[in-house]
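*Asks:* Let me begin by handing over the structure; questions about it come next.
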Amino acid sequence: MKKISLFIVGVLALFMQYSCSELDEKVYSSNLTTNFYTSAEEIEGAYMRPWSHLLFCDTYYYLKLRTLGTDMAAWTTKTSENHGYDNALWSELHKHTWGTRHGEIESSWNTVWEGIGFANAVLEGIEDKDFEEMGVSISKAEMQAQLRAYRAYMHMIGLDFWRNIPIVTKVGDPYYPETKSAQEVFEFVETEFLAVKGSLPNAFEPYAQGFFSQQSVEALLSRLYLNAETYIGIDKYEDAIKMCDAVISSDFFELEADYLDAFSKDNNLSKENIQVLTQKGGSSMSAPLHALTCYWSNHVDAGGWNGIITQEGFYDSYSDDDARKNQFAVGPQFYADGTPVYIEAGNPGSGQLVYSKEVTTFHSEGLFEGARCKKYEAIAGLNWNQEYDIVLIRYAEVLMNKAEAIMRQSNGQADQTAVDLVNEVRERAFGDKFAENKYTTTTLTLDELLAERGREFAYEGHRRTDLIRFEKYLQPRWEKESTSDATRILFPIPQTQRDINTNLKQNDGY
Amino acid sequence: MGIATGDASTDWYDEMLQSNHNTVHNIAFSAGNKNSNYRASINYMDNKGIALESFKKNLSGRININHKAINDRLNVRLSLSASQAKYRLADYGAFGSVAKFNPTRPVYEENGEFATFQEFGVDNPIGNIRNYSTENIKKVLLANVFAEFEVVEGLTVGGRAAWKVEDANSGSYTSSKNENLAKDDIKGVASTSSFYSYKYTYEGNINYRKRFDKHDINVMANYTHEEDTWYTYSMSNSGFVNDKFLWHSIGSGLKLTNPVNDDGVQDLNGPASMGSGRSEKILESWRGRLVYTYDDKYALTVSYNREGSSIFGENNKWGNFYGVSAGWTISDEDFMESLSFVNYLKLRVGYGETGNPATGPYNSLSTVVQEGLPYVFNGNVVSAYALEKNPNPDLKWERKKEYNIGFDYAVAKNRFDGSVDLYSRKTDDMLYSAAAPVPSLIKPTIVSNIGEISSKGIEVSVNAKILQDTEVKWNANFNASYNVNEVEKLSNADEEPVPFYAGDLPGNGLGSAYRVKEGGSIGDFYGPRFDKFDENGGWVFKDLNDEVEGYHADTDKEVIGNGMPNYFVGLTNSLQYKRFDLEIFMRGAFDYQVLNVGRIYMENLDKFPQSNIYTSALSSPLRAPSQYSDYYLEDGDYLKIQNISLGYTFDTSKWNNISYAKVYVSCSNVHTFSNYSGLSPELGGHSGITPGFDNLNFYPVTRTFTIGAVVKF
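Residue numbers (the numbering used here), protein chains in the order written: chain A, 1487 to 1996; chain B, 139 to 851.
Here it is, written out as structure tokens:
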């Protein structure tokens, strides 16, 4: 009987042991958000995420939407094997025939909002934290200003691509944000930039490198105001000039003597770069321009996707005396030490890699048609983990923006100030041949300015916005045979999102 | 533009296959007496798969011990089993690749190396398999102890404890000869990972049964606690001196000991990687059940379960589930005596609910993890931290409800028996990783309780002893079912109905094949309707929407088919003649469509020679990129001879020491009767949210012949 009692006690004990057990989840490999932002290291770690996101997205996703529908570049289909066809993703961008489920447009949409979400999450996380007590490297006011400027910049990308988008300042609230008018989005970007500017550091101050500064916000505002007529139909050239003047008079910046120095491996220190996105060799996967353009990059020393090529007419718009032509890889390719690059690495029998500037058709017979942009200085052997910083905005743009704003205030007529500004940028491209290449008030027309902007800012993500502002984006070009409908100025809101969020309105024409 | 082709003739599909064989060994023995008995067994299986390089070897052992004591009032059972499986899975994706691969390309170069097509951006699928080594080892240890004691007559108290330890290791090595690695001059990539899980279950039972007069009462109460913890570890390294070590000397790779190059910066693709993780979940339940039977004719069962799971939101961890059912054995009633044709008839009605914790842990919690690329902060590289996933604090139990009415019967001297069941099932608060609104959320998916799906149907089964007292005996079993489902509710957090789409089609802009929408059915294909090809071989689709003139891709779409069969049938015929027996099993599914994704991809001349194409592409008038429509939907109706087996049983009555001996031959997947033009209408599957989606990446159906013998001593 004793055994039996013991057994019953055992069974009952079993019941008792777990009858009040906890069903709360314990996390082991992650942090509860409510238990994060508790130290300087945690806060600074969260603060990194929006920027590392932008570093990747700006040159990877947004560059494609900003260039592949223009006269500058194209992601062509190559050989009878349809290399780079990618189910028409890129030819649709070239021909302006994208639909509401275009994968690349959707990726850009998602990453813009992901970035905004990252910034909003940190803003919420640090709201009631005492930075001084925790010893965070920068003040709370500065971090909040940075994150709001970041959020405004991402909304500005959205404004440029889709125009009518929600304004989102909290994660998940409202859960289904509604579309705001371009006017409202424009005002949000402007107001936020202006509101936080004073709390940001000056350019080149500690902790400003790779983040926003008062001057980078002013420079971005000049870009915003220059496009105000396109975005919201209101002329803001006066404001654009004011912002350019603020940047110029800060005296922090000067043009590099050599065009490519702004893109060198040490370009974080370049006085021309108003804002960069910083990387350090080996720490990030980012050499997107080389990956997107090159077949085998003798600069990165790794295989790329052999995707984006430069359209021949665009390449030919550079005169042979123009130093900026050196940003392209054309002709037989060599490594820095002079040895040839072979089509199959290390196999001379496969022949030397030769890019031709000539491009036959969008669907080309050869693999190596078209000049490839190698603007950034890469370190061989570092592969896709490069040292150079990605340029978000540089001084040359501020000078050109001011010149254009002046011209637009007088019906496209350049005055001497405008000409001097453009010539200041153009001079270094021509060096001792500048005298015969400089602009005058008669030669600097709006068309010429557009072409010069193209040459100066190739592959820096301005071409689509510029063509739209100069009203040339819809024109037929190359294998885009007819003028596209005006509604193509805006990309469609991805249908996948409209299926979920009925508060999102589709842009006209889709 | 000319079409450049190679000059080889390669059957890539054939290259992907290897002849297989299968060996099985079993040994078992048992012994015992009135109070104790045991059984022990060891099994060994060695199977080489039909897909190149695939295999599976399995070793397992098991011991069961039963013991009774105290006048049989105490009953103790112990069991222990251990198994180890070693395997390399077939590469399902490769079955799709080889089907698409250009047949004019060779597998090997003249020098015996794998042919490379790197200038075309595609890999040699056979080279990829051969230049990749991998092995998985999975060990499972199960221990189980069960005890039950009869306290007084009718009252038993019992408990069970079970432990399950699972340990899975896998290693893989991609040789430096792999095309992609060779291209970037990477000297081999090794990785190894392990998964260790520990699960225990404690259970307590009280059961009371009392019979008096014609009453029979059975009350049961149960408490179960289940805790599951798992750990993961992984590492990888590359840059090996040769291809000899595979993943067995992972520390010798360049990236671990020398992650920087001569310039003092990190080399190539970053350093060696490693990771570890730990997760757990707890399930707890209280169950009660009462069964009351009167006169063995009337039965009533009432049950209540209260279940708690750690994986749900803070306020939704517990769910209550009820059940009630009743049975009436009509054939035992006096008034049935006159109906001698009916041997047995029982009517059943019931309602039951069950909870389904069908998602992983931590989906309700907002968590932050190291994520994405690091960034440089004042000259220092700092790891970035961000939200792991969209949290859903309202996550709750998925609940299945079922109403059932049916009867069991036996008639004509028990020559025919079977059952008929009518049911209506409903899944409420269905759990699904649904698309999330971006904005306002950060990630594109969120695990949610998204809707209600109902399913109604009837199931009929008949067992017939057609010929019994003759030299040839013939038994048949027939079952058939009819089922329709409906998505009754599918809404977002604002309770606005929103559809979602599933079944991504291969190709940009082709979108998804299925729409799941309130009022629709699971498996609805949604798209345009094909009208004809124009003179240039371009698509002409039908104008389905009267409001706007002409065809518009966004509006002229409708439900163009459904991939879920409405009817299933199964028929087994067993024939016996003297010592021979023959069994034929057939089954079929009807009234549904299959999307032949292979045709979208390969029934198009444009795809050649980038891809292999179907011969039907040559006769197709299509000269435009493939687009999704009902053009690619085909009726999936099929009837299949699943298995035929023929056996002979020896007369062992005069044999010494042998009590039973039989030899047999059998063949499975004998033949499928179907008009479907793809490999098999079954491959798309009949379940999930994308039924009937034949996208080629499936392990092919194999026809198996088996010859066997069974001998008992």
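Where a beta carbon is used, it is the ideal one built from N, C-alpha and C, also for glycine.
With 16 other CB atoms within 10 Å as the buried threshold, where does Tyr1514/A fall?
*Replies:* In the first sequence, residue 1514/A corresponds to position 28, counting from 1. Under this definition Tyr1514/A is an exposed residue.
*Asks:* Answer with yes or no whether the minimum CB distance from Pro1826/A to chain B is below 8 Å.
*Replies:* Numbered from 1 along the first sequence, position 340 holds the residue referred to as residue 1826/A. With 8 Å as the cut-off, Pro1826/A does not count as an interface residue toward chain B.
*Asks:* Hey, is Asn1650/A's beta-carbon within less than 8 Å of any beta-carbon in chain B?
*Replies:* The sequence position of residue 1650/A within the first sequence is 164, counting from 1. So no, Asn1650/A is outside the interface.
*Asks:* Under 6 Å Cβ to Cβ from Leu216/B, same chain only, skipping five residues before and after it: list those, please.
*Replies:* Residue numbering aside, residue 216/B sits at position 78 when the second sequence is read from its first letter. Only Ile203 and Val283 meet the Cβ criterion.
*Asks:* Counting only beta-carbon separations shorter than 8 Å, does Glu251/B have a partner in chain A?
*Replies:* As a first step, residue 251/B must be located in the second sequence, where it is residue number 113. False, the Cβ-Cβ gap to chain A never drops below 8 Å.
*Asks:* Identify every residue that forms a DSSP beta bridge with Cys1780/A.
*Replies:* One-based indexing of the first sequence puts residue 1780/A at position 294. Note: Cys1780/A sits in no beta bridge, so no partner.
*Asks:* If contact means a Cβ-Cβ distance below 7 Å, which residues of the region 1595-1610 of chain A contact chain E?
*Replies:* Any reference to chain E falls outside this structure, whose protein chains are A and B.
*Asks:* Does the region 353-373 of chain B touch the region 407-421 of chain B, meaning 3 or more C-beta pairs lie closer than 8 Å?
*Replies:* They touch, by the three-pair rule.
*Asks:* Counting C-beta neighbours from all protein chains within 10 Å, is the total for Leu1645/A 16 or more, i.e. buried, or is it exposed?
*Replies:* For the purposes of this step, residue 1645/A is taken as residue 159 along the first sequence, with counting starting at 1. Leu1645/A comes out buried.
*Asks:* Return the chain-ordered ranges of every alpha helix (DSSP H) run that is complete within the region 276-303 of chain B and spans a minimum of 4 residues.
*Replies:* The region 276-303 of chain B contains no whole alpha helix (DSSP H) run of 4 or more residues.
*Asks:* Does the beta carbon of Val403/B sit closer than 8 Å to a beta carbon anywhere in chain A?
*Replies:* What you label residue 403/B is simply residue 265 of the second sequence in a count that begins at 1. Its pLDDT being 44, under 50, Val403/B is placed unreliably by the model, and nothing is read from it.
*Asks:* For Arg298/B, which option in Asp305/B, Glu304/B, Arg553/B and Gly342/B has the closest C-alpha, if you only look at C-alpha atoms?
*Replies:* On the second sequence, position 160 is the one that residue 298/B refers to. The shortest Cα separation from Arg298/B among Asp305/B, Glu304/B, Arg553/B and Gly342/B belongs to Gly342/B.
*Asks:* Check whether the region 617-626 of chain B and the region 668-684 of chain B are in contact - that is, three or more C-beta pairs closer than 8 Å.
*Replies:* Output reads no: the region 668-684 of chain B does not touch the region 617-626 of chain B.
*Asks:* Nearest chain A C-beta to Leu743/B closer than 8 Å, yes or no?
*Replies:* The residue you call residue 743/B lines up with position 605 of the second sequence. False, the Cβ-Cβ gap to chain A never drops below 8 Å.
*Asks:* Secondary structure at Gly265/B, three-state DSSP: helix, strand or coil?
*Replies:* In the second sequence, counting from the first residue as 1, residue 265/B sits at position 127. Looking at Gly265/B - three-state DSSP - the assignment turns out to be helix.
*Asks:* Closest to Gly1832/A by CA distance: which of Gly498/B, Ala320/B, Ser390/B and Ala691/B is it?
*Replies:* What you label residue 1832/A is simply residue 346 of the first sequence in a count that begins at 1. The option with the nearest alpha carbon to Gly1832/A is Ala320/B.
*Asks:* Cβ of Lys505/B less than 8 Å from any chain A Cβ?
*Replies:* Here residue 505/B refers to the residue found at position 367 of the second sequence. Correcting the residue identity first, residue 505/B is Thr in this sequence and not Lys. For Thr505/B, the answer is yes, since a Cβ of chain A falls inside 8 Å of its Cβ.
*Asks:* Between which residues of its own chain and Arg425/B is the CB-CB distance below 6 Å, once the five residues before and five after are set aside?
*Replies:* For the purposes of this step, residue 425/B is taken as the residue at position 287 of the second sequence. So the list reads Asn360 and Asn443, once near-sequence residues are dropped.
*Asks:* Under 8 Å by Cβ, that's how I've got Gly1603/A and Phe1522/A pegged, so tell me the actual separation to the nearest angstrom.
*Replies:* Numbered from its first residue, the first sequence carries residue 1603/A at position 117. Numbered from its first residue, the first sequence carries residue 1522/A at position 36. Not really, about 16 Å apart at Cβ, beyond 8 Å.
*Asks:* Just by C-beta distance, which residues in the region 1707-1730 of chain A are closer than 7 Å to chain B?
*Replies:* Residues passing the 7 Å Cβ filter: none.
*Asks:* Does the region 1832-1850 of chain A touch the region 1557-1577 of chain A, meaning 3 or more C-beta pairs lie closer than 8 Å?
*Replies:* The answer is yes - the region 1832-1850 of chain A touches the region 1557-1577 of chain A, with three or more Cβ pairs under 8 Å.
*Asks:* If you draw a straight line from the C-alpha of Glu1855/A to the C-alpha of Thr1846/A, how long is it?
*Replies:* By 1-based counting over the first sequence, the position of residue 1855/A is 369. By 1-based counting over the first sequence, the position of residue 1846/A is 360. Whole-angstrom Cα-Cα distance: 8 Å.
*Asks:* If we require 4 or more residues per run, which alpha helix (DSSP H) segments fall completely within the region 424-506 of chain B?
*Replies:* Correct list: empty.
*Asks:* May I have a chain-ordered list of the beta strand (DSSP E) segments no shorter than 3 residues that lie completely inside the region 1863-1925 of chain A?
*Replies:* Entirely contained in the region 1863-1925 of chain A, the beta strand (DSSP E) runs reaching 3 residues are, in chain order, 1876-1880.
*Asks:* Just reading off the beta strand (DSSP E) that Thr710/B is part of, what are its end residues?
*Replies:* The residue labelled residue 710/B in the question sits at position 572 within the second sequence. Tyr705 to Tyr715 is the span of the beta strand (DSSP E), which, as asked, contains Thr710/B.
*Asks:* Three-state secondary structure (DSSP) at Lys321/B?
*Replies:* The count along the second sequence starts at 1 and reaches residue 321/B at position 183. The answer is helix: DSSP assigns Lys321/B an H, G or I state.
*Asks:* Would you mind working out which of Lys1991/A, Ser1525/A and Arg1552/A sits nearest Thr1951/A, comparing C-alpha positions?
*Replies:* Looking up residue 1951/A in the first sequence gives position 465. When each option's Cα is compared against that of Thr1951/A, the closest is Arg1552/A.
*Asks:* Can you give me the start and stop residues for the beta strand (DSSP E) that Thr1951/A sits inside?
*Replies:* By 1-based counting over the first sequence, the position of residue 1951/A is 465. Segment Arg1949 to Arg1955 is the alpha helix (DSSP H) holding Thr1951/A; no beta strand (DSSP E) there.
*Asks:* What three-state label does DSSP hand Leu216/B in the structure shown?
*Replies:* Locating residue 216/B in the second sequence gives position 78, where the first residue counts as 1. Here Leu216/B sits in strand by DSSP.
*Asks:* Please list the partners that Lys695/B has in chain A, where partner means a Cβ-to-Cβ separation under 7 Å.
*Replies:* The residue given as residue 695/B occupies position 557 in the second sequence. By Cβ distance, chain A contributes nothing, its closest Cβ being about 12 Å from Lys695/B, past 7 Å.
*Asks:* Specify the secondary structure class of Ile796/B as computed by DSSP and reduced to three states.
*Replies:* Residue mapping note: residue 796/B aligns to position 658 of the second sequence, counting from 1. Reduced to three states, the DSSP call for Ile796/B is coil.
*Asks:* Out of Met1558/A, Trp1537/A and Asn1517/A, which has the shortest C-alpha to C-alpha gap to Phe1943/A?
*Replies:* By 1-based counting over the first sequence, the position of residue 1943/A is 457. Considering only alpha carbons, the answer is Met1558/A.
*Asks:* Comparing the C-beta of Lys321/B with each C-beta of chain A, is any distance below 8 Å?
*Replies:* Taking the first residue of the second sequence as 1, we reach residue 321/B at position 183. Yes, Lys321/B counts as interfacial toward chain A.
*Asks:* Among Phe378/B, Tyr541/B, Val480/B and Ser198/B, whose alpha-carbon lies nearest the alpha-carbon of Ala464/B?
*Replies:* Position 326 of the second sequence, counting from 1, holds the residue named residue 464/B. Residue Tyr541/B is the option with its Cα nearest to Ala464/B.
*Asks:* CA-CA distance, Ser712/B and Tyr336/B?
*Replies:* Here residue 712/B corresponds to residue number 574 of the second sequence, with the count starting at 1. Here residue 336/B corresponds to residue number 198 of the second sequence, with the count starting at 1. Between Ser712/B and Tyr336/B, the C-alpha separation is close to 45 Å.
*Asks:* Who does Val514/B pair with in a DSSP beta bridge?
*Replies:* Stepping through the second sequence from its first residue, residue 514/B is reached at position 376. For Val514/B, which the question treats as bridged, DSSP gives the partners Val519/B.
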